[in-house]
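Each residue of the sequence shown is one higher than the one before, counting from 0 in numbering that gives the first Met the number 0.
A virtual CB, placed ideally from N, CA and C, is assigned to each residue, including glycine.
Below is one structure, written out as structure tokens, with a few remarks after it.
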Amino acid sequence: MLITFEGIDGAGKSTQVVKLKRHLQELGREVMTLREPGGTEVCENIRELLLQSKHDIAPVAELLLFAASRAELVEKVVVPALGKGTVVILDRFSDSTTAYQGYGRGLSLELLGKVNGIATFGLRPDITFYLDISPEDALIRKFSEKSLPLAFDSEELDRMESSGLEFYRKVRDGYLRLQEAEPERIVLLDAQLPPATLHEQISALVEARQASRQGQE
0 MLITFEGIDG AGKSTQVVKL KRHLQELGRE VMTLREPGGT EVCENIRELL LQSKHDIAPV
60 AELLLFAASR AELVEKVVVP ALGKGTVVIL DRFSDSTTAY QGYGRGLSLE LLGKVNGIAT
120 FGLRPDITFY LDISPEDALI RKFSEKSLPL AFDSEELDRM ESSGLEFYRK VRDGYLRLQE
180 AEPERIVLLD AQLPPATLHE QISALVEARQ ASRQGQE
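Structure follows, in structure tokens:
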């Protein structure tokens, strides 16, 4: 089973990934958690270039770097794990590319569909959790956790996070459009809810989806 978490930076994805992994392991499931970009040495090097570099990267080049990392991760890690019956939980997947490089950067959605198809080898998540939060609230959350002054030009932000509020408003709109188009796969959740409440909702939905899959086998 492939489970993905999506949302703008500061939505709380990482917290929910950890909680869901622990929950599924307690139920006796083999679980692997991964982040994008990342997961192999090649992917981590690409992550460093994409997020920590202060260089300006052209939107198409950015798209292809994310796609290269995803192709490496899917072929070498995700597909083999799924083949062994492991539950794979990804912190970001192809929906991030559509939201960030498509709606955020303004690249052609048709182009993105083709690139995503190549990079994922046609693999699609069984369920995606989209944690929705406004860019303003996400920024406040991020800086309040670190007791830092609120500023989008802060050195504490990586290259993507420094793209500005308007960029993140477009990204959020992209996510909402994706969820509206695929409500059966993409579950919209209020990221402002308490983490424990979100976890209860997520774990219940995952268990229900697993039961449904087993019933169809």
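Worksheet item: What whole-angstrom Cβ distance do threonine 276 and leucine 111 have, given they're in contact under 8 angstroms?
Response: This structure cannot speak to residue 276, because the chain is shown only from 0 to 216.
Worksheet item: Do you know how far the Cα of leucine 89 is from the Cα of alanine 10?
Response: One-based indexing of the sequence shown puts residue 10 at position 11. One-based indexing of the sequence shown puts residue 89 at position 90. Computed Cα separation, rounded: 15 angstroms.
Discussion item. Out of Leu138, Ala210, Tyr174, which one is the CA nearest neighbour of serine 161?
Written reply: Along the sequence shown, one-based indexing puts residue 161 at 162. Of the candidates Leu138, Ala210, Tyr174, the one whose C-alpha sits nearest the C-alpha of serine 161 is Leu138.
Worksheet item: Roughly how many angstroms lie between the CA atoms of alanine 210 and leucine 204, to the nearest whole one?
Response: Against the sequence shown, residue 210 aligns to sequence position 211. Against the sequence shown, residue 204 aligns to sequence position 205. Just so you know, the alpha carbons of alanine 210 and leucine 204 end up roughly 10 angstroms apart.
Discussion item. Output needed for alanine 80: all residues of its chain with C-beta closer than 8 angstroms, excluding positions within five of it in sequence on either side, in chain order.
Written reply: Translated into positions along the sequence shown, residue 80 becomes position 81. Around alanine 80: Met31, Val87.
Worksheet item: Can you tell me whether DSSP reads glutamate 135 as helix, strand or coil?
Response: For the purposes of this step, residue 135 is identified with residue 136 of the sequence shown, where counting begins at 1. Helix at glutamate 135.
Item to complete: Let me know if proline 148 comes out buried or exposed under the rule of 16 or more other beta-carbons within 10 Å of its beta-carbon.
Response: Indexing the sequence shown from 1 puts residue 148 at position 149. With a pLDDT of 48 at proline 148, under the threshold of 50, the modelled position of this residue cannot be trusted; read the value that follows with caution. Answer is exposed; the Cβ neighbour count stays below 16.
Discussion item. One question on the structure: do leucine 1 and valine 77 come within less than 9 angstroms of each other, judged by their Cβ atoms?
Written reply: Your numbering for residue 1 matches position 2 in the sequence shown. Your numbering for residue 77 matches position 78 in the sequence shown. Going by C-beta atoms, leucine 1 is nearer than 9 angstroms to valine 77.
Worksheet entry | Under the three-state DSSP convention, the category threonine 196 falls into | Counting from one through the sequence shown, the residue named residue 196 turns up at place 197. Helix, per DSSP.
Worksheet item: So, helix, strand or coil for isoleucine 2, using DSSP?
Response: Taking the first residue of the sequence shown as 1, we reach residue 2 at position 3. Strand at isoleucine 2.
Worksheet entry | Neighbour-count burial assignment, aspartate 94, 16 or more Cβ in a 10 Å radius | Taking the first residue of the sequence shown as 1, we reach residue 94 at position 95. Label assigned to aspartate 94: buried.
Worksheet item: With 16 other CB atoms within 10 Å as the buried threshold, where does threonine 196 fall?
Response: Here residue 196 refers to the residue found at position 197 when the sequence shown is read from its first residue. Residue burial annotation: threonine 196 is exposed, with fewer than 16 other C-beta atoms found within 10 angstroms of its C-beta.
Fill in: Three-state secondary structure (DSSP) of phenylalanine 128
Indexing the sequence shown from 1 puts residue 128 at position 129. It is a strand residue.
Practice prompt. Could you check which residue in Arg208, Ile201, Arg212 has the C-alpha nearest to that of lysine 12?
Written response: Your numbering for residue 12 matches position 13 in the sequence shown. When each option's Cα is compared against that of lysine 12, the closest is Ile201.
Discussion item. For leucine 213 and leucine 26, what's the separation of their Cα atoms in angstroms?
Written reply: On the sequence shown, residue 213 is found 214 positions in, with the first residue counted as 1. On the sequence shown, residue 26 is found 27 positions in, with the first residue counted as 1. Looking at the sequence shown, residue 213 is not leucine but glutamine. Taking the straight line joining both Cα atoms gives about 15 angstroms.
Worksheet item: DSSP on alanine 210, reduced to helix/strand/coil?
Response: The residue you call residue 210 lines up with position 211 of the sequence shown. Residue state, collapsed to three classes: helix.
Fill in: phenylalanine 166 to aspartate 131 span [Cα, whole Å]
Taking the first residue of the sequence shown as 1, we reach residue 166 at position 167. Taking the first residue of the sequence shown as 1, we reach residue 131 at position 132. Those two C-alpha atoms are separated by around 15 angstroms.
Worksheet item: Among Gly6, Gln191, Ser68, which residue has its Cα nearest to the Cα of glutamate 40?
Response: Mapped onto the sequence shown, residue 40 falls at position 41. Nearest to glutamate 40 by alpha-carbon distance, out of Gly6, Gln191, Ser68, is Ser68.
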